[in-house]
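The numbering used here puts the first residue of the sequence shown at 301, with every later residue one more than the last. From the three backbone atoms N, C-alpha and C, an ideal C-beta is built for every residue, glycine too. Here the structure is a predicted model, which is why all the values come from computation and not from measurement. One structure is given below, encoded as structure tokens.
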Amino acid sequence: MRLTFLGVLTALLSPALVAVVVPTPADAAPPRLVSRAVVLDVENTNATSALCVPDNQSYRLRARLVGPPRAIQGRSGPLRVNVLVHDEGTGSWFWHLRGRGLAGYDYASRLAARGETSLVIDRLGYGASGRPTSTCLGAQADMLHQVVQHLRSGRYDFADARLGSTPAAASVVTHGLGVGAAIAQVEAATFDDVAGLVLMSWTDRTATQLAQEELARQRAACLTGSATAPAAGAAELRHQLFAVAPARVQRAAVARRAAVPCGDVLSRAPMRLASGLGAAQVDAPVLLLYGGADALTRPEARSAQAAAYPTKVTTRTFAGAGSALPLERPGPVAATVLRWLR
């Protein structure tokens with residue numbers, strides 16, 4: 301038999317080729333969760349009792365849908381979507397924190413690992429979402445209502461059109477922290493279209509001296525005619541939000557902090573009033589979560605908040621934790637929320 305050079309080379313190399321098998325995508329295990337960019341069209345309007353004047357223009361919100369692959373593909377049966385509403389000066393990153401050494405601090409992914417699907421939004425004026433000429437917290441609640449309706453009808457889009465149609469939600473639960481919690485509460489009180497409220501680090505009553513000083517700083521900047529109030533300094537932000545989070549998590553938050561739209565700053569008083577009055581109109585069950593070392597909410601106000609609702613309320617306080625609960629006690633916070641959602 302006549303051997304060619306190619307045949308000899310193949311014979312010599314074939315054992316190694318057989319021994320080193322690189323898995324193809326078809327061989328690999330399917331991902332436990334996916335994160336897909338989505339866009340939602342909204343009108344910057346205000347139909348709530350938080351009196352303030354937006355610009356009544358159309359904008360596009362950017363968000364991410366995070367959950368099990370079958371849920372994102374609309375193949376999991378009736379779908380519950382958790383809408384995560386961020387506080388002032390932060391962004392969608394707060395709920396979906398990613399980066400080296402930060403995997404355990406991704407709230408949306410913790411929920412997804414247990415079968416939940418979440419929409420993580422950049423509110424108007426933040427992150428990748430539109431920049432309005434004028435908006436306010438009442439309009440933020442109105443736009444949250446529009447987001448809830450888009451989810452229920454499936455009228456929103458993947459940023460990558462090749463992914464096909466987006467899944468419609470059978471029910472929606474809103475989660476908010478700080479001002480984001482106030483937005484979620486006013487939305488629920490006004491429109492009565494959510495199945496539950498997870499409210500973190502918010503009370504309708506007088507905030508701490510530190511919180512009032514931060515609001516005064518923001519107001520002073522906005523009264524000069526600026527469109528935004530500068531983000532808090534690094535040391536100030538750490539003091540406001542953190543008590544026990546590792547240094548790497550605090551550094552990540554400081555690096556991602558954002559300026560606060562002045563329309564939001566200057567509408568804080570009517571929003572707090574609307575939130576307080578609206579609590580009695582909330583029909584959905586409520587989960588209240590607080591940090592025992594929260595520098596922005598008063599202990600007596602936290603204790604009194606549960607009595608403001610006519611519906612079933614569950615309250616949990618995490619000893620030693622500051623305001624930024626999903627970054628302070630990520631495991632216990634997510635576990636508490638998951639038990640409540642069940």
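Just curious, the alpha helix (DSSP H) that residue i is in, first and last residue?
i	result
residue 491	479-491
residue 628	625-628
residue 448	437-453
residue 568	568-578
residue 549	547-556
residue 418	It is not in any alpha helix (DSSP H) - residue 418 instead sits in the beta strand (DSSP E) that spans 417-421.
residue 559	Residue 559 -> no alpha helix (DSSP H), and no H or E assigned at all.
Locate the beta strand (DSSP E) running through residue i, then write down its first and last residues.
i	result
residue 615	613-618
residue 499	496-500
residue 588	586-591
residue 366	358-367
Who are the near neighbours of residue i in its chain, counting only those whose CB is closer than 7 Å to its CB and skipping five residues on each side?
i	result
residue 466	338, 454, 456, 457, 458
residue 532	389, 514, 540, 557
residue 301	Low local confidence applies: a pLDDT of 41 at residue 301 is under 50, so the model's placement there is unreliable, and no value is given.
If you drop the 5 nearest sequence neighbours on each side, which residues of the same chain put their C-beta closer than 8 Å to that of residue i?
i	result
residue 440	423, 424, 483, 564
residue 399	552
residue 433	355, 357
Could you work out which residue in the options is closest to residue i when comparing CA atoms only?
i	options	result
residue 572	481, 373, 370, 414	481
residue 580	418, 492, 543, 372	492
residue 447	405, 468, 398	468
residue 504	340, 609, 624, 628	609
residue 527	361, 431, 401	431
residue 582	478, 490, 516	490
residue 592	606, 612, 623	623
residue 369	361, 362, 360, 379	379
residue 543	501, 507, 594	594
residue 612	530, 626, 498	498
residue 348	363, 438, 625	438
residue 364	374, 340, 352, 574	340
Under 6 Å Cβ to Cβ from residue i, same chain only, skipping five residues before and after it: list those, please.
i	result
residue 418	366, 382, 384, 408, 411
Take the Cβ of residue i as the centre, count every other Cβ of all protein chains shown within 10 Å, and call the residue buried at 16 or more, exposed below.
i	result
residue 603	exposed
residue 406	buried
With a cut-off of 7 Å, does the C-beta of residue i fall near any C-beta of chain C?
i	result
residue 585	In summary, chain C is missing from the structure at hand, where a single protein chain is found.
Legend entry - Touch test, the stretch 517-533 against the stretch 562-582, Cβ-Cβ under 8 Å, three pairs minimum: yes
Inset, instruction - Answer yes if the stretch 582-595 comes into contact with the stretch 424-431, meaning at least three C-beta pairs across the two stretches below 8 Å, and no otherwise. - result: no
Legend entry - Three-pair Cβ contact test at 8 Å for the stretch 454-472 versus the stretch 610-617: Output reads no: the stretch 610-617 does not touch the stretch 454-472.
Inset, instruction - Kindly confirm or deny that the stretch 480-500 and the stretch 531-550 touch, where touching means at least three C-beta pairs closer than 8 Å. - result: Contact between the stretch 480-500 and the stretch 531-550 is absent, with fewer than three C-beta pairs closer than 8 Å.
Legend entry - the stretch 408-415 contacting the stretch 630-640, beta-carbon criterion three pairs below 8 Å: yes
Legend entry - Touching by the beta-carbon criterion (3+ pairs, under 8 Å), the stretch 337-354 and the stretch 591-600: no
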